[in-house]
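Going by the numbering used here, the sequence shown opens with residue 994, and the numbers climb by one from there. To start, the structure under review is shown below, and the notes come after it.
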Amino acid sequence: MTEQQGNDKPKLPFDTEALLLIDDHEEEVSVNGKTERKRGIYLLPNLFTTAALFAGFFAIISGMHGNFENAAIAIFAAMIFDGLDGRVARLMNAQSKFGAEYDSLSDMVSFGVAPALVVFSWALVDLGKFGWAVAFIYVACAALRLARFNTQIDTADKNYFTGLASPAAAAVMAGLVWVCAEEGWVEKGVHFELEVFAGILMAVCGILMILNVRYSSFKGIDFRGRVPFVVMIIVVLIFGLVSVDPARVLLAAALIYALSGPVQAIYRRFK
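This is the structure we're talking about:
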């Protein structure tokens, strides 16, 4: 074999993806009954999920610095973004496994860790072991609730949640912090009775998240369909009512929704 012939060995194809620092996301989807692999992610739904995650992180930072009113408002903002990402994904037919997992991790931060740390920094820090134990119970219950939701997402009834949804539980705690901040029960210090009440309420919200109790999911509402004109009038009245006193109205709505599950369960049991 000559030297020229020895240099004519076939060259291996150059793997350009080996130079990429971040691999492109790829997942299997079903198209007309066939499984296909799609690359990339949907931008708009994941932008809303990222906004919800940022709001939850901002709430944690604000709580650490004593800005509890801003922290509570940030948690409610995260609720808005979290509600939009799923709706937008369904309207655009842009649902994906990546989006579902990203949304779940965002919920854990915004509605699990953030409310627990904000309430702990505000009222539970002086309760010692009871305070951090209650905060941990809430975080653990939120994680368990999200894990159960992810495993049952394909088989569960879309019109109902099993257990109190983590955004609703976070709304109860954030609403309490917001109302107390407006009353000045932050700068002047928190009374022992209020600290105990906040701890018990957080524990109850945590337990409600993992109970086998049905809550309406409101996913049956068709935002693309036509509705009677009176519905729009009701929506305007709701916005007006919230604008009068956002903290108290939102807290009352969150408490009513949190109690609706157990009340309906008791009613069905004795009916």
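From the three backbone atoms N, C-alpha and C, an ideal C-beta is built for every residue, glycine too.
- Around the C-beta of Pro1038, 16 or more other C-beta atoms lie within 10 Å, and the residue is accordingly described as buried.
- Secondary structure at Arg1207: strand, using DSSP grouped into helix, strand and coil.
- By the neighbour-count criterion, in which a residue is buried when 16 or more other Cβ atoms sit within 10 angstroms of its Cβ, Ala1245 is exposed.
- In the DSSP assignment, Thr1155 falls within the unbroken beta strand (DSSP E) covering 1153–1155.
- In this structure, DSSP gives Gln1145 a state outside helix and strand, which the three-state scheme calls coil.
- Put simply, the backbone Cα of Ile1068 is about 37 Å away from that of Phe1263.
- The beta carbons of Asn1152 and Gly1076 sit no closer together than 8 Å.
- DSSP places Glu1175 in the helix class (H, G or I) of the three-state scheme.
- At a cut-off of 4 residues, the continuous stretches assigned as alpha helix (DSSP H) that sit fully inside the segment 1061–1098 are 1061–1084.
- Counting only the Cα atoms, Pro1160 lies some 14 Å from Leu1137.
- Within the model, the alpha-carbon separation for Ala1191 versus Leu1201 is close to 15 Å.
- By the neighbour-count criterion, in which 16 or more other beta carbons inside 10 Å mark a residue as buried, Phe1142 falls on the buried side.
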